[in-house]
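Using full-length UniProt numbering, the letters of the sequence shown map in sequence onto residues 1 to 222. A virtual CB, placed ideally from N, CA and C, is assigned to each residue, including glycine.
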Amino acid sequence: MPHTVRIWDLPTRLFHWSLAVTTVALVVTAKLGGNAMQWHLRLGYVMLALLAFRLAWGLVGGRWSRFASFLPTPARLRSHFANQEGKVTSPGHSPLGALSVFALLAVLLAQVGTGLLSDDEIAFAGPLTRFVSGEWVSQATWYHKDVGQFLLLGLVALHLAAIVFYALVRRQALVGAMVHGDRQLPGATPASRDDALSRAGAALVAALSALLAWWVASLGAF
Numbered sequence: 001m002p003h004t005v006r007i008w009d010l011p012t013r014l015f016h017w018s019l020a021v022t023t024v025a026l027v028v029t030a031k032l033g034g035n036a037m038q039w040h041l042r043l044g045y046v047m048l049a050l051l052a053f054r055l056a057w058g059l060v061g062g063r064w065s066r067f068a069s070f071l072p073t074p075a076r077l078r079s080h081f082a083n084q085e086g087k088v089t090s091p092g093h094s095p096l097g098a099l100s101v102f103a104l105l106a107v108l109l110a111q112v113g114t115g116l117l118s119d120d121e122i123a124f125a126g127p128l129t130r131f132v133s134g135e136w137v138s139q140a141t142w143y144h145k146d147v148g149q150f151l152l153l154g155l156v157a158l159h160l161a162a163i164v165f166y167a168l169v170r171r172q173a174l175v176g177a178m179v180h181g182d183r184q185l186p187g188a189t190p191a192s193r194d195d196a197l198s199r200a201g202a203a204l205v206a207a208l209s210a211l212l213a214w215w216v217a218s219l220g221a222f
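Structural data, given as structure tokens:
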């Protein structure tokens with residue numbers, strides 16, 4: 001008999017959709033250029049805060065939001081690829097999905113980091129450019145504009161394709177679970193903690209993450 005289990009806690013869901021909206025907005029403002037670059041810079045700080053939150057929440061968040069719960073170990077990957085019937089073997093991210101998550105986080109961190117070190121030599125300079133040599137700034141700017149954005153777009157495309165595949169072929173509604181937090185699972189499964197105390201802890205982590213982003217932004221004012 002199927003069991004309804006809370007897999008994604010509210011903080012994780014809010015992070016997920018905030019990340020999606022911020023990523024789209026960053027891509028759009030980068031393509032528009034001009035005055036939109038001021039918003040691109042501000043959104044970069046929002047992305048920094050979001051990533052800092054997720055890294056911390058991956059250690060202390062709900063059970064299935066913790067990195068330890070979905071590390072794509074060789075054993076988990078072998079089990080996943082041997083599963084020809086498409087049965088749900090991972091309550092949270094599948095091993096293949098976990099690879100996508102870690103890759104996306106790594107590319108976003110690289111994109112934010114190089115953005116903070118970039119200088120377009122016209123109207124924009126990241127707050128960390130004064131701490132490194134011109135060669136580092138040049139390399140960071142090149143990666144941010146010519147490499148990182150294409151890696152990010154490619155990973156986003158793969159992510160969307162995987163969602164469609166799971167919906168049409170595996171008959172698993174991944175999007176719905178990230179909206180309401182619950183999944184229908186074939187057996188009893190421990191739920192993620194998602195009570196008032198957990199959410200209060202997430203709010204504190206979010207505040208500290210925002211404070212970190214503000215501090216990094218303030219470095220460019222000196």
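Should PRO11 go down as buried or exposed, given a rule of 16 or more other Cβ atoms within 10 Å for buried?
Position 11 of the sequence shown, counted from the start, is the residue given in the question as residue 11. With 16 or more Cβ atoms within 10 Å of its Cβ, PRO11 is classed as buried.
Can you tell me whether GLN184 is buried or exposed? The criterion is at least 16 other CB atoms within 10 Å of its CB, across all chains shown.
Locating residue 184 in the sequence shown gives position 184, where the first residue counts as 1. Counting Cβ neighbours within 10 Å, GLN184 comes out exposed, since fewer than 16 surround it.
Let me confirm a value: ALA161 is counted as buried when at least 16 other C-beta atoms fall within 10 Å, else exposed. Which label applies?
Stepping through the sequence shown from its first residue, residue 161 is reached at position 161. Classification for ALA161: exposed.
For ASP195, does the three-state DSSP call read helix, strand or coil?
Counting from one through the sequence shown, the residue named residue 195 turns up at place 195. ASP195: coil per DSSP, three-state reduction.
Would the beta-carbon of VAL206 fall within 7 Å of that of PHE53?
For the purposes of this step, residue 206 is taken as the residue at position 206 of the sequence shown. For the purposes of this step, residue 53 is taken as the residue at position 53 of the sequence shown. A small correction: the amino acid at residue 206 is Ala; Val does not occupy that position in the sequence shown. Yes, the Cβ-Cβ distance between ALA206 and PHE53 is below 7 Å.
Distance check for ALA217 and PRO127, CA to CA, integer angstroms please.
Here residue 127 is taken as the residue at index 127 of the sequence shown, counted from 1. Here residue 217 is taken as the residue at index 217 of the sequence shown, counted from 1. One C-alpha to the other measures close to 6 Å.
Could you check how far apart the C-beta atoms of GLY92 and SER69 are, in whole angstroms? I think they sit under 8 Å.
To locate residue 92, count along the sequence shown from 1; it is residue 92. To locate residue 69, count along the sequence shown from 1; it is residue 69. That belief holds up - the Cβ atoms of GLY92 and SER69 are roughly 6 Å apart, short of 8 Å.
Which word fits THR4, buried or exposed, when buried means at least 16 other C-beta atoms lie within 10 angstroms of its C-beta?
Working through the sequence shown from its first residue, we reach residue 4 at position 4. Classification for THR4: exposed.
Tell me, to the nearest whole angstrom, how far the beta carbon of THR29 is from that of HIS40; I am working on the premise that it is less than 8 Å.
Here the question's residue 29 lines up with position 29 in the sequence shown. Here the question's residue 40 lines up with position 40 in the sequence shown. THR29 to HIS40, Cβ: 4 Å. Contact.
Could you check if LEU153 is buried or exposed, using at least 16 other CB atoms within 10 Å of its CB as the buried criterion?
Sequence index remark: in the sequence shown, residue 153 carries index 153 (1-based). Label assigned to LEU153: exposed.
Excluding five sequence neighbours on each side, which residues of the same chain lie with their C-beta closer than 6 Å to the C-beta of PHE67?
Along the sequence shown, one-based indexing puts residue 67 at 67. Excluding positions up to five away in sequence, the list reads GLY58.
Can you tell me whether SER133 is buried or exposed? The criterion is at least 16 other CB atoms within 10 Å of its CB, across all chains shown.
Working through the sequence shown from its first residue, we reach residue 133 at position 133. When all chains shown are included, SER133 counts as exposed.
Alpha helix (DSSP H) segments (min. 4 residues) lying fully within the region 133 to 163
134 to 142
Rounded separation between ASP146 and PHE124 - CA only:
Position 146 of the sequence shown, counting from 1, holds the residue named residue 146. Position 124 of the sequence shown, counting from 1, holds the residue named residue 124. Taking the straight line joining both Cα atoms gives about 17 Å.
Does VAL112 pass the burial test, meaning 16 or more other C-beta atoms within 10 Å, or should it be called exposed?
By one-based count along the sequence shown, residue 112 stands at place 112. So VAL112 ends up on the buried side.
Give me the residue from HIS80, TRP214, ALA49 with the minimum Cα distance to LEU99.
The residue given as residue 99 occupies position 99 in the sequence shown. For the residues HIS80, TRP214, ALA49, the minimum Cα distance to LEU99 belongs to HIS80.
Nearest candidate by alpha-carbon position, reference ASP120, set GLY33, LEU48, ALA82, PHE150
Stepping through the sequence shown from its first residue, residue 120 is reached at position 120. Checking every option, the nearest Cα to that of ASP120 belongs to GLY33.
Assuming LEU117 and VAL137 make a contact with CB atoms under 8 Å, what is their CB distance in whole Å?
Within the sequence shown, residue 117 is the residue found at index 117, counting from 1. Within the sequence shown, residue 137 is the residue found at index 137, counting from 1. The pair is a contact, with the Cβ atoms about 6 Å apart (cut-off 8 Å).
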